[in-house]
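Worksheet for the structure shown next.
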Amino acid sequence: MVSLQNEKVKLWKKLKIRKWRDREQKYLLEGPHLVQEAVFSARERVNTILIDEGFHLPADWPLDSIEVFQVTHKIFTELSETETPQGIIAVCDMSRASVKLRPGRYLLVDGVQDPGNLGTLIRTADAFGLDAVFLGDGCVDGHNAKTLRSAQGSHFHLPVIHHNLFSLANEMKELAIPLYGSSLQGNELHQASVSSPYYGLVVGNEGNGASPELLAEMDLQVKIPMAGRAESLNVAVATGILLYWLQAEGLA
């Protein structure tokens, strides 16, 4: 494939823009590690694989049902969103998975704007074995290229779903799933306790935190005590600490 005017190439290039990803329900996934994770964890969602000149696909990848195109280096660099292209891009179908809410462990993300932070949140939720991540209004796109790189393939290990967090909070209350919110006005962790292994944890925007209206729906608001002079913790770092605390408390 040698022309930037090719219709497939033009569509793939449009997938770098959120409105086209949403319209086509497809996105680009770049780099050998992430594409390998997609091929082995969610092959049914891999639509097409694009390889740069000189890139050799591993012989043990199961690619029977996947279209593979070699493109010129010029086309590949047009499609790549990294400073140093890694030679392989997958065109993936967005997951259509839904979650039937039940007693479990969930992360609710309210208005996080930085794609790197969001990707790390998804990866952290995966590491703690959560059942799903819900992205509320105002969150950065879950299929942003930097989000995907930061998540390191965790998109394929648990559902990541855009959802209204207020309606979700109401559903969780009906199922008696405790709701905890990260807030600077909350109780310090050593002053708080949990009585269930299940929960919904709400974390919020990097600058302003979760919305006061959403925090008002929480069963408990908590904060991490800090001995130093830093004003706050990065949202992904704080979430890791809170998930560890919830895990330890739930097992106590």
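The sequence shown runs 1 to 252 under my numbering.
The beta carbon of each residue, even a glycine, is placed where N, CA and C say it ideally should be.
Here's the rule: buried if 16 or more other CB atoms are within 10 angstroms of the residue's CB, otherwise exposed. What is TYR27? Within the sequence shown, residue 27 is the residue found at index 27, counting from 1. By the neighbour-count criterion, in which 16 or more other beta carbons inside 10 Å mark a residue as buried, TYR27 falls on the buried side.
Are there 16 or more other CB atoms within 10 angstroms of the CB of ALA210, so buried, or fewer, so exposed? Counting from 1 along the sequence shown, the entry for residue 210 is found at position 210. With at least 16 other beta carbons inside 10 angstroms of its own, ALA210 counts as buried.
Secondary structure, beta strand (DSSP E): runs of 3+ residues fully inside the segment 140–188: Complete beta strand (DSSP E) runs here, min 3: 160–162 and 179–188.
Which runs of the alpha helix (DSSP H) fall wholly inside the segment 37–85 and span at least 4 residues, in chain order? The segment 37–85 contains these whole alpha helix (DSSP H) runs: 73–79.
Looking at ASP137: is its Cβ nearer than 8 Å to the Cβ of GLN25? Stepping through the sequence shown from its first residue, residue 137 is reached at position 137. Stepping through the sequence shown from its first residue, residue 25 is reached at position 25. Their beta carbons are not under 8 Å apart, which means ASP137 does not touch GLN25 by this criterion.
From this set, GLU249, ASN205, TYR198 and PRO212, which residue's C-alpha is nearest SER232's C-alpha? Here residue 232 is taken as the residue at index 232 of the sequence shown, counted from 1. Here the closest residue by C-alpha is ASN205.
What residue ranges within the segment 180–240 form continuous beta strand (DSSP E) runs of no fewer than 3 residues, ordered along the chain? Listed in chain order, the complete beta strand (DSSP E) runs (minimum 3 residues) inside the segment 180–240 are 199–204 and 220–223.
Write down the C-beta distance between LEU220 and ASN170 rounded to the nearest angstrom, noting that I regard them as a contact closer than 8 Å. Start at 1 with the first residue of the sequence shown, and residue 220 comes out as number 220. Start at 1 with the first residue of the sequence shown, and residue 170 comes out as number 170. The Cβ separation is near 17 Å, so there is no contact.
By the three-class DSSP mapping on this structure, what secondary structure does ARG21 have? One-based indexing of the sequence shown puts residue 21 at position 21. In this structure, ARG21 counts as helix in the three-state DSSP scheme.
Option nearest LEU215 by Cα separation, candidates TYR180, ASP60, ALA236 and HIS190: Sequence index remark: in the sequence shown, residue 215 carries index 215 (1-based). When C-alpha distances from LEU215 are compared across TYR180, ASP60, ALA236 and HIS190, the shortest belongs to TYR180.
6 Å CB neighbourhood of GLY153 in its chain, flanking five on each side removed: Here the question's residue 153 lines up with position 153 in the sequence shown. Shown here for GLY153: same chain residues with a beta carbon closer than 6 Å to its own, the five before and five after excluded, namely LEU34 and GLU37 in chain order.
Are the Cβ atoms of VAL140 and ASP114 separated by less than 8 Å? Counted from its first residue, the sequence shown places residue 140 at position 140. Counted from its first residue, the sequence shown places residue 114 at position 114. The Cβ atoms of VAL140 and ASP114 sit closer than 8 Å to each other.
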